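As structure tokens, the structure follows; a few thoughts come after it.
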Amino acid sequence: MRCPNDVTHCSIFAACKALPSAISSQHAIKGMKIMGMLVDGVWHDAWYDTKESKGHFKRQPSQFRNWVTSDGGAGPSGSGGFKAEAGRYHLYVSLACPWAHRTLIFRKLKKLEELISVSVVDPLMLENGWEFKVGDGATGDHLFGASALWQVYVRADPHYSGRVTVPVLWDKKTGTIVNNESAEIIRMFNGAFDGLTGSTADFYPEDLRSEIDALNATVYDTVNNGVYKAGFATTQEAYAENVGTLFETLDLLDERLGKGRYLFGDRQTEADWRLFTTLVRFDAVYVGHFKCNIRRIADYRNLPGYLRDLYQTAGVAETVNLHHIKQHYYRSHKTINPTGIVPVGPALDLDSPHGRARLNAA
216 MRCPNDVTHC SIFAACKALP SAISSQHAIK GMKIMGMLVD GVWHDAWYDT
266 KESKGHFKRQ PSQFRNWVTS DGGAGPSGSG GFKAEAGRYH LYVSLACPWA
316 HRTLIFRKLK KLEELISVSV VDPLMLENGW EFKVGDGATG DHLFGASALW
366 QVYVRADPHY SGRVTVPVLW DKKTGTIVNN ESAEIIRMFN GAFDGLTGST
416 ADFYPEDLRS EIDALNATVY DTVNNGVYKA GFATTQEAYA ENVGTLFETL
466 DLLDERLGKG RYLFGDRQTE ADWRLFTTLV RFDAVYVGHF KCNIRRIADY
516 RNLPGYLRDL YQTAGVAETV NLHHIKQHYY RSHKTINPTG IVPVGPALDL
566 DSPHGRARLN AA
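In this text, residue positions in the sequence shown follow this note's numbering: the first is 216, and each later residue adds one.
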């Protein structure tokens, strides 16, 4: 889905498309080593092959799609039987991963920390994928003492085939993975446990749902996943196309945020938090590591203050670990950064005044 304004011929996009095609045809890379995978329950240190997709990175869909609900009834997908209960569910996350970061934010904002326990993987993702270690922000596996996350997946399905990703929402009662799709986990956290916590915050209000869904689709495709499509591209054409589209959307979001404090005026919604986890990583990682360098977030008019505003929301800063973020990207993706050198900078002044409250009064 494209941006609602359907911008297809901005100067950035034209410049990107004009890059010499000879570069890509002469220097295309067959595949990029992104992560291993399970095949019939056996771990393989596999390569992601971009040859068939002409250099484009194609993200595979998550496979565990059950829902936790307030009464245990079936959700929008999967089967029922997963009732919201204190202490029943466990969350596996990486502090480096923007998708897992969403769930940590909702766990914080929706007062779920005493209800849902959490294990944090090591920031590096190498031959064994996400590993469990203790120290420097990583916790080890609190449930099974596993050494790698793929072992948790095999507990849920001994014949599982596919990627091993975070976040993972685990059900201690039935001994299986409920869901490993971040977009759905945050929806569960938004409402399923309200009867237990008394939380009244609603980040997916009914009157805005269709608009939130539409904006989410654009931001996911061109920004959240867009940075990966640029960074993991293995041809010049694929990179140019995706980096151009990324900045088209960022430009439109910056303009939109000049008219309201949040993406939907004065109402903070899940759309803001889905965007936040990409923005907070952008200047530190995506500009350099993924070559998303047409502009920094710091160079925009409205996005920097918006980012600081969200970061300064009570409890959110505690979910941001820039050390894990930088260590993961710069040291895990050897095809992109073979030396594994982690940049010292940039300095991100996320605690300075954001000035966004004035937009509520406008």
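Ideal Cβ placement from N, Cα and C applies to all residues, glycine included.
Small disclaimer: the values here were computed from a predicted structure and weren't measured.
C-alpha distance - residue i paired with residue j, whole-angstrom precision
{"i": "G530", "j": "L330", "result": "17 angstroms"}
{"i": "F505", "j": "G410", "result": "42 angstroms"}
{"i": "A432", "j": "N394", "result": "20 angstroms"}
{"i": "V557", "j": "H374", "result": "37 angstroms"}
{"i": "V166", "j": "L324", "result": "Residue 166 lies beyond the residue range present for the chain, which begins at 216 and ends at 577; the question has no answer from this structure."}
{"i": "F408", "j": "S285", "result": "6 angstroms"}
{"i": "T415", "j": "C312", "result": "28 angstroms"}
{"i": "P291", "j": "A499", "result": "36 angstroms"}
{"i": "E421", "j": "A429", "result": "14 angstroms"}
{"i": "A580", "j": "I551", "result": "There is no way to answer for residue 580, as the model of the chain reaches only from 216 to 577."}
{"i": "G256", "j": "F359", "result": "17 angstroms"}
{"i": "V254", "j": "R303", "result": "29 angstroms"}
{"i": "S425", "j": "V383", "result": "26 angstroms"}
{"i": "N457", "j": "G560", "result": "25 angstroms"}
{"i": "A301", "j": "T412", "result": "9 angstroms"}
{"i": "R511", "j": "L565", "result": "14 angstroms"}
{"i": "H589", "j": "V336", "result": "Only positions 216 to 577 of the chain appear in the structure, and residue 589 is not among them; the question remains open."}
{"i": "G288", "j": "D466", "result": "42 angstroms"}
{"i": "Q278", "j": "V502", "result": "31 angstroms"}
{"i": "A361", "j": "M403", "result": "26 angstroms"}
{"i": "G555", "j": "L563", "result": "22 angstroms"}
{"i": "L461", "j": "P553", "result": "25 angstroms"}
Residue i and residue j closer than 8 angstroms at C-beta
{"i": "W345", "j": "S309", "result": "yes"}
{"i": "R322", "j": "L306", "result": "yes"}
{"i": "V438", "j": "L478", "result": "no"}
{"i": "Y521", "j": "R482", "result": "no"}
{"i": "D487", "j": "L525", "result": "yes"}
{"i": "L364", "j": "V381", "result": "yes"}
{"i": "G352", "j": "H539", "result": "yes"}
{"i": "E485", "j": "I401", "result": "yes"}
{"i": "S397", "j": "T450", "result": "no"}
{"i": "V442", "j": "T464", "result": "no"}
{"i": "S567", "j": "R523", "result": "yes"}
{"i": "I320", "j": "T534", "result": "yes"}
{"i": "S332", "j": "D356", "result": "no"}
{"i": "L574", "j": "G475", "result": "yes"}
{"i": "M252", "j": "V369", "result": "no"}
{"i": "Q527", "j": "H569", "result": "yes"}
Coil, strand or helix - residue i by DSSP
{"i": "H539", "result": "helix"}
{"i": "I392", "result": "strand"}
{"i": "G480", "result": "strand"}
{"i": "A353", "result": "strand"}
{"i": "D498", "result": "helix"}
{"i": "E346", "result": "strand"}
{"i": "V598", "result": "This structure cannot settle anything about residue 598, because the visible part of the chain is limited to 216 through 577."}
{"i": "V369", "result": "helix"}
{"i": "L253", "result": "strand"}
{"i": "A374", "result": "As written in the sequence, residue 374 is His, which differs from the Ala given in the question. H374: coil per DSSP, three-state reduction."}
{"i": "K325", "result": "coil"}
{"i": "H259", "result": "strand"}
{"i": "A363", "result": "strand"}
{"i": "H504", "result": "coil"}
{"i": "L341", "result": "strand"}
{"i": "L467", "result": "helix"}
{"i": "L490", "result": "helix"}
{"i": "L306", "result": "strand"}
Chain D contact for residue i (CB, 8 angstroms cutoff)
{"i": "G296", "result": "Given the protein chain composition of this structure (a single chain), no chain D is represented."}
heavy atom of the ligand NAD below 7 angstroms from residue i C-beta
{"i": "I540", "result": "With respect to the ligand NAD, the structure shown offers nothing to examine, as it has no ligands at all."}
Quick one: any contact between the region 499-514 and the region 442-455, if contact means 3 or more CB pairs under 8 angstroms? yes
Should the region 533-550 be regarded as contacting the region 329-343, the criterion being three or more beta carbon pairs within less than 8 angstroms? With a cut-off of 8 angstroms, the region 329-343 and the region 533-550 count as touching, because enough Cβ pairs lie within range.
Inset, instruction - Report yes or no: do the region 375-391 and the region 289-307 share at least 3 C-beta pairs separated by less than 8 angstroms? - result: yes
**Sequence ranges, alpha helix (DSSP H) only - wholly within the region 514-574, length at least 4** = Taking only runs of at least 4 residues, the alpha helix (DSSP H) segments lying wholly in the region 514-574 are 518-526, 537-547.
*asked:* Does the structure place the region 467-474 close enough to the region 512-520 that three or more beta carbon pairs sit under 8 angstroms?
replied: yes
message = Runs of 4 residues minimum, wholly inside the region 381-464: which ones carry the alpha helix (DSSP H) assignment?
response = 397-406, 409-412, 424-434, 441-446
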